[in-house]
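Protein sequence lines correspond, in order, to chains L and B. Take any residue in the first sequence, note its place counting from 1, add 10, and you have its number in my numbering. Position 135 of the second sequence, counting from 1, maps to 128 under my numbering, and the rest follow consecutively. Worksheet: one structure, shown below.
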Amino acid sequence: MSWFKRIKEGITTSTKEKKETPEGLWHKCPTCKTIIPTKDHETHMYVCTECGHHDRIGSAEYFEILFDDNRFEELDADLKSDDPLQFIDTKKYTDRVRETEKKTGLKDAIRTAGGDIDGQAIIVACMDFKFIGGSMGSVVGEKISRAIDHALNKKVPLMIISKSGGARMMEAAFSLMQMAKTSAKLTLLADARLPYISLLTDPTTGGVTASYAMLGDFNIAEPGALIGFAGPRVVKETIGKDLPKGFQTAEFVLEHGFLDFIVDRRELKSKISTLLRMLKN
Amino acid sequence: MNFLDFEKPIADLLDQIDKQKQIGEKSQVDVSVSVRQLELRLAEVRKDIYSKLNPWQRVQLSRHPDRPYTNAYIEYLTEKEFIELHGDRTVKDDKAIVGGFGTIEGRTVMIIGQQKGTTTKQRQYRNFGMANPEGYRKALRLMKLAEKFGKPVITFIDTPGAFPGLEAEERGQGEAIARNLFEMARLKVPVICIIIGEGASGGALGIGIGDRVYMLENTWYSVISPESCSSILWRSWDYKEKAAEVLKLTAEDMLRLKLIDGIIREPLGGAHSFPEEMFKIVKKEIISNLNELGKISADDLVKMRIEKFSSMGVVRN
Ligand SMILES: [Zn+2]
């Protein structure tokens, strides 16, 4: 069943989203230093054609990659963070949020949307790393919680694309409790036997790893993504020596049994589409 | 006895009282009047110090070396009728988390908690209360066991965090904690969680999803320790007092923010000064909560538990 047959006309879609990629005509791969036209890089979904390096991209790019014709209905787009603790470190939290909003055009570190993947309705929640390091605060938790409600109401699968440094310290214990909140809500999705696909992208660490990112019916990841609970610097300090090569990469996490598979971004849509179809047939 | 900096006036008075008593014994002079005066003074000083603790002092108290740990509570609550159960059935037995069936006033409960050590050797053996994934998986195995036999679960939380080691990452620390949050949310028996010391982040939350979540008066619970918060936000270790303040990590803050269900008062002078009294208070709380929760059906418990955690967070529309 398609998403757009279900909803009233006229609520929908935005195609001209801001792109996370830097301005400029040429793109240089950070790994193999290959230079190609930025336009081509976009066409390749920000994956290096030479070495397969996956650039960090945001929700706008993932929505475009996944949803048919980039058509989707953004959900709960107006939710914004509050400042329940009146948190001030080197600057006020409210100022930090306002500045980040201005700089990124985003309202928080996640966007949620309903749409179709090869005609199959799905809700996708996608984190944006450029919004305070993709940190999880009340808005992230609430949007995921509501995305689960939408999935339950519409009886459609859920996909969450994680990309986060972990907790949003400026929301302290509220941030911590988003781990509890999202995990608790996911039990309802499980009870309803609706599929939940968790895609872990670079980086997925801290409280996000220790909650919804690791709770998928399918935990999948992009190649080379940093995935862990403790950050590599902390682990290094703990053991007092250098970390082994490839530690906490997606490949490492797959090898240790915590991922179902690693997927090249250029095959992401077709893999998800196939999986959804298999679950239905 | 160990004393924190701000407890020094108490230490001095206790010392003076001791000395007076010794003089009394040795010289058979009647010291009862001066002892009584000193004791009155001690009570005043205690009240003075403990009625205006700042957040950082609470953090220090939560880590007080004389503070009772999980095993001490278990021993008192169950009057030693406790059968410890070991292992996660997959990798090993994590010593940082203990658990087992125990009897509290004739009632069988599953008790699980982080255990810190009381001596240097014990501290190492217990990994300072920092669990590896197998600790969380042992905890979950025991909770499922409790569910199977319809026994309530009580968790004692006291950890500086989940262990951030190399093997912990290899064995899926994140997955282990996430799984516990998920499964605890829908556990079909009453769950009571009590923070008895440090409630550091995901490591604490990993056994912290309950129908009732309480904090003892002199404990802290947050997403990060004040020290780490200081180092990240101010790029220096020197702002831990400030960090303790802004994190709003005390029991009072957490109750005001509706992130916990209640505060369990400590005896004046703290749990570490009067552990027996502390045990008594905790026992009373546990029994009254077990009675209340026992009246609610399993399905309603789960529903209310999920609703409670789902409502946490503050956003603007
Ligand atoms: Zn390359």
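All C-beta atoms in this analysis are idealised placements derived from N, C-alpha and C, irrespective of residue type, glycine included.
{"Query": "Any non-hydrogen atom of ligand 1 within 6 Å of Thr53 (chain L) CB", "Result": "no"}
{"Query": "Neighbourhood of Ile67 (chain B) by C-beta distance below 7 Å, restricted to the same chain and skipping five residues each side", "Result": "Phe75, Gly95, Ile104"}
{"Query": "C-beta neighbour in chain L for Lys317 (chain B), strict 7 Å", "Result": "Not covered by the structure: residue 317 (chain B). The range shown for chain B is -6 to 310."}
{"Query": "Buried versus exposed, by CB contacts within 10 Å (16 or more), Val184 (chain B)", "Result": "buried"}
{"Query": "Pairwise C-alpha distance: Lys296 (chain B) and Lys114 (chain B)", "Result": "44 Å"}
{"Query": "DSSP-derived helix/strand/coil call for Ser229 (chain B)", "Result": "coil"}
{"Query": "Three-way DSSP call (helix, strand, coil) for Asp151 (chain B) in this model", "Result": "strand"}
{"Query": "DSSP state of Phe141 (chain L) mapped onto helix, strand, coil", "Result": "coil"}
{"Query": "Meets three-Cβ-pair contact criterion under 8 Å: the segment 207 to 226 of chain B and the segment 171 to 188 of chain L", "Result": "yes"}
{"Query": "Member of L:Cys61, L:Gly125, L:Leu285 whose CA lies at the smallest distance from the CA of Thr44 (chain L)", "Result": "L:Cys61"}
{"Query": "beta-carbon Thr44 (chain L) near ligand 1 non-hydrogen atom, thresh 6 Å", "Result": "yes"}
{"Query": "7 Å Cβ shell around Gly80 (chain B) - same chain, five flanking residues per side excluded", "Result": "Asp86, Lys131"}
{"Query": "Cutoff 7 Å: Gly165 (chain B) Cβ touching any chain L Cβ", "Result": "yes"}
{"Query": "Range covered by the beta strand (DSSP E) that runs through Thr94 (chain B)", "Result": "According to the sequence as given, residue 94 (chain B) is Phe; it is not Thr. Phe94 (chain B) -> beta strand (DSSP E) spans 90 to 97."}
{"Query": "Beta-carbon proximity check, Ser221 (chain L) vs Leu174 (chain B), cutoff 7 Å", "Result": "yes"}
{"Query": "Any non-hydrogen atom of ligand 1 within 6 Å of Glu60 (chain L) CB", "Result": "yes"}
{"Query": "Beta-carbon separation (whole angstroms), Ala124 (chain B) vs Ile90 (chain B), contact threshold 8 Å", "Result": "5 Å"}
{"Query": "His37 (chain L), enclosing beta strand (DSSP E) - first and last residue", "Result": "36 to 38"}
{"Query": "Contacts that Asn47 (chain B) makes with chain L (C-beta to C-beta distance below 8 Å)", "Result": "None at all; the shortest Cβ gap to chain L is about 17 Å."}
{"Query": "Segment contact, 8 Å Cβ cut-off, at least three pairs: the segment 259 to 273 of chain L with the segment 232 to 240 of chain L", "Result": "yes"}
{"Query": "Short-range partners of chain C found in the segment 134 to 160 of chain L, where Cβ spacing is below 7 Å", "Result": "No chain C is present in this structure, whose protein chains are L and B."}
{"Query": "Closer than 6 Å: Thr41 (chain L) CB and nearest ligand 1 heavy atom", "Result": "yes"}
{"Query": "Minimum Cβ-Cβ distance from Asp99 (chain L) to chain B less than 7 Å", "Result": "yes"}
{"Query": "Outcome for Ser303 (chain B) when other beta-carbon atoms lying within 10 angstroms are tallied against a minimum of 16", "Result": "buried"}
{"Query": "Under 7 Å between C-beta atoms of Val150 (chain L) and Ala119 (chain L)", "Result": "yes"}
{"Query": "Whole-angstrom distance between Trp230 (chain B) and Asp227 (chain L), CA atom to CA atom", "Result": "41 Å"}
{"Query": "Neighbour flag for Val244 (chain L) against chain B, beta carbons, 7 Å", "Result": "yes"}
{"Query": "Whole-angstrom C-beta distance between Pro157 (chain B) and Val245 (chain L), which should lie under 8 Å", "Result": "6 Å"}
{"Query": "Exposure label - Thr152 (chain B); buried when at least 16 CB within 10 Å", "Result": "buried"}
{"Query": "Gly287 (chain B) (DSSP reduced to helix, strand or coil)", "Result": "helix"}
{"Query": "Limits of the alpha helix (DSSP H) - the one that Gly17 (chain B) falls within", "Result": "1 to 20"}
{"Query": "The beta strand (DSSP E) enclosing Glu83 (chain L), as first and last residue numbers", "Result": "82 to 85"}
{"Query": "Cα-Cα separation between Ile170 (chain L) and Ala223 (chain L), rounded to whole angstroms", "Result": "8 Å"}
{"Query": "Members of the segment 65 to 99 of chain L near chain B, C-beta cut-off 9 Å", "Result": "Asp86, Asp88, Leu89, Lys90, Ser91, Asp92, Asp93, Pro94, Leu95, Gln96, Phe97, Ile98, Asp99"}
{"Query": "Contacts of Met189 (chain L) in chain B (Cβ-Cβ under 7 Å)", "Result": "Leu174, Gly195, Leu198"}
{"Query": "Any chain L beta carbon closer than 7 Å to Gly203 (chain B)", "Result": "no"}
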